[in-house]
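Q:
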Ligand code: NAI
Ligand code: MG
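In UniProt numbering, the protein residues as written are 2 to 362.
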């Protein structure tokens with residue numbers, strides 16, 4: 002049977018960019034014989050409007066069953082005053098939590114035609130293609146004890162960095178599995194020089210590597226040195242695996258090596274399912290962009306590249322993912338730009354659907 006895909010376009014520009022991806026999915030079915038069982042459902046504000054909840058239980062159940070979920074974006078000013086429990090973002094948080102998506106993948110990928118867009122020198126970023134794997138469900142953002150306490154006559158704010166072996170091992174496996182689908186190289190980042198959790202992190206990553214992934218090249222780096230190396234010469238890396246806090250900082254840094262929010266895809270992966278595929282949610286990094294929603298101005302590339310990630314990491318179609326990425330590269334090389342990719346005057350931007358047309362062509 003065909004692999005299954007649940008599409009959740011969401012709110013604002015979500016449906017606009019997703020419409021272009023659906024055309025691309027149809028193209029793969031018609032032209033490449035790559036057919037998916039696609040179902041579509043509501044998430045976020047639109048789900049609240051219809052059901053009074055940002056994620057219906059039936060949608061949640063569907064998400065647990067499919068091979069991959071592809072999401073547009075959620076939220077918008079219309080929903081800003083809603084109670085916290087039914088805010089659009091809660092729909093997304095529920096998906097991440099109940100699917101237990103502990104590995105967050107943020108690529109930093111630079112298309113040659115956009116190398117001028119970076120704040121770094123062109124030869125430092127041209128052709129860059131690296132992947133940061135951030136542990137997403139544990140670490141200092143969740144550890145106990147936490148809170149602001151009274152200590153003598155002053156207050157003390159406490160967070161606890163806490164990682165179990167199994168939490169480290171599972172995200173390490175996600176990183177090694179990805180590396181096998183890329184360039185077989187992982188760099189693990191922590192601060193084993195000053196943190197106990199860093200010592201354990203380095204030990205466990207090394208043990209998992211020794212036992213299961215000897216074919217992958219593994220190196221270790223202190224996270225602060227990693228930040229320097231990421232801006233000095235990012236092309237030395239392929240896959241970087243790191244904890245929740247360091248990953249938060251390093252993935253934002255790496256993403257901005259390459260330019261616009263409208264270009265950035267992401268994935269969140271969980272444990273392997275019975276068929277061996279990881280639980281997976283793919284989505285652009287950007288939000289629902291209410292300032293441009295409904296105007297046909299949104300750049301669909303972040304969402305298109307999220308689908309390319311799904312092809313590569315959920316469906317083992319690396320060559321087809323490359324086909325899609327090359328199409329994006331070719332379109333950009335021709336100078337075709339949505340408004341967010343323009344910094345020169347005198348160039349007319351294309352619309353969302355015209356960008357879709359160009360990628361398909
Ligand atoms: P945003 O990412 O929606 O927009 C930030 C800026 O980037 C805006 O000027 C927007 O026009 C531009 N932009 C974003 N994506 C673009 C694209 N594909 N093409 C061209 N321009 C693009 O972030 P913002 O404005 O902070 O949040 C807007 C709404 O989205 C809020 O309700 C927020 O809660 C929600 N949001 C949802 C996310 C998600 O669904 N994962 C993530 C971030 C925000
Ligand atoms: Mg952040």
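In this text, a Cβ means the ideal position worked out from N, Cα and C, and glycines have one as well.
Since we're looking at a predicted model, the values are computed, not measured.
(1) Which parts of the stretch 115-187 are runs of the alpha helix (DSSP H), unbroken and 4 residues or longer, counting only runs that do not cross its ends?
(2) Would residue 290 and residue 14 qualify as a contact pair, given that the criterion is a beta-carbon distance under 8 Å?
(3) Name, in chain order, the residues that DSSP records as bridge partners for residue 266.
(4) Got a sec? Which residues, its chain only, sit under 8 Å from residue 246 by beta carbon, not counting five neighbours each side?
(5) Taking Cβ positions, are residue 315 and residue 21 nearer each other than 8 Å?
(6) Output needed for residue 222: all residues of its chain with C-beta closer than 6 Å, excluding positions within five of it in sequence on either side, in chain order.
(7) Who does residue 105 pair with in a DSSP beta bridge?
(8) Using only alpha-carbon positions, find the residue among 170, 149, 166 and 154 that is nearest to residue 160.
(9) I'd like to know whether the C-beta atoms of residue 134 and residue 92 end up nearer to each other than 8 Å.
(10) Given a cut-off of 8 Å, decide if residue 228 and residue 254 are closer than it, judged by their beta-carbon atoms.
(11) Within a Cβ cutoff of 7 Å, which residues of the same chain sit near residue 102, ignoring the five residues on either side of it in sequence?
(12) Check whether the Cβ of residue 30 lies closer than 7 Å to any heavy atom of ligand 1, and answer yes or no.
(13) Leaving out five residues before and five after residue 298 in sequence, what residues of the same chain have Cβ atoms less than 6 Å from its Cβ?
(14) Spatial neighbours of residue 220 within its chain, please: CB distance less than 6 Å, with the 5 preceding and 5 following residues excluded, ordered by chain position.
(15) If you compare alpha carbons, which of 301, 111 and 305 is closest to residue 334?
(16) Would you call the CB atoms of residue 107 and residue 252 closer than 8 Å?
(17) Of the choices 205, 235, 288 and 31, whose alpha-carbon is the least far from that of residue 123?
(18) When every heavy atom of ligand 1 is checked, does at least one fall within less than 7 Å of the C-beta of residue 291?
(19) If you reduce the DSSP assignment to three classes, tell me which class residue 343 lands in.
(20) Run the CB neighbour count on residue 244, radius 10 Å, all protein chains shown included, and call it buried at 16 or more, exposed below.
(21) Should the stretch 203-214 be regarded as contacting the stretch 163-176, the criterion being three or more beta carbon pairs within less than 8 Å?
(22) Label residue 33 either buried or exposed according to how many other C-beta atoms from any shown protein chain fall within 10 Å of its C-beta, with 16 as the threshold for buried.
(23) Grab me the residues of residue 202's own chain with a C-beta within less than 8 Å of its C-beta, minus the 5 sequence neighbours each way, in chain order.
(24) Within this structure, are the beta carbons of residue 329 and residue 306 separated by less than 8 Å?
(25) Rounded C-beta distance between residue 46 and residue 79? I'm assuming under 8 Å.
(26) Does ligand 1 have even one heavy atom less than 7 Å from the beta-carbon of residue 339?
(27) Is there at least one non-hydrogen atom of ligand 1 closer than 7 Å to the beta-carbon of residue 56?
(28) Can you name, in chain order, every residue of its own chain whose Cβ lies under 6 Å from the Cβ of residue 332, other than the five neighbours on each side?
(29) Does DSSP put residue 71 in a helix, in a strand, or in coil?
(30) Say yes only if the C-beta of residue 263 is nearer than 7 Å to one or more non-hydrogen atoms of ligand 4, and no if none qualify.
(31) For residue 69, is the classification buried or exposed, using 16 other Cβ atoms within 10 angstroms of its Cβ as the cut-off for buried?
(32) With the cut-off set at 8 Å, would you say residue 89 and residue 49 are in Cβ contact?
(33) If you draw a straight line from the alpha carbon of residue 237 to that of residue 129, how long is it in whole angstroms?
A: Working from what's here:
(1) 123-126 and 166-181
(2) yes
(3) 285
(4) 140, 141, 142 and 162
(5) no
(6) 188 and 190
(7) 135 and 269
(8) 149
(9) no
(10) yes
(11) 137, 269, 270, 271, 280 and 282
(12) no
(13) 340
(14) 188
(15) 111
(16) yes
(17) 235
(18) yes
(19) coil
(20) buried
(21) yes
(22) exposed
(23) 164, 169, 189, 191, 193 and 244
(24) yes
(25) 6 Å
(26) yes
(27) no
(28) 359 and 360
(29) strand
(30) Annotation note on ligand 4: not contained in the displayed structure, which lists ligand 1 and ligand 2 as its ligands.
(31) buried
(32) yes
(33) 9 Å
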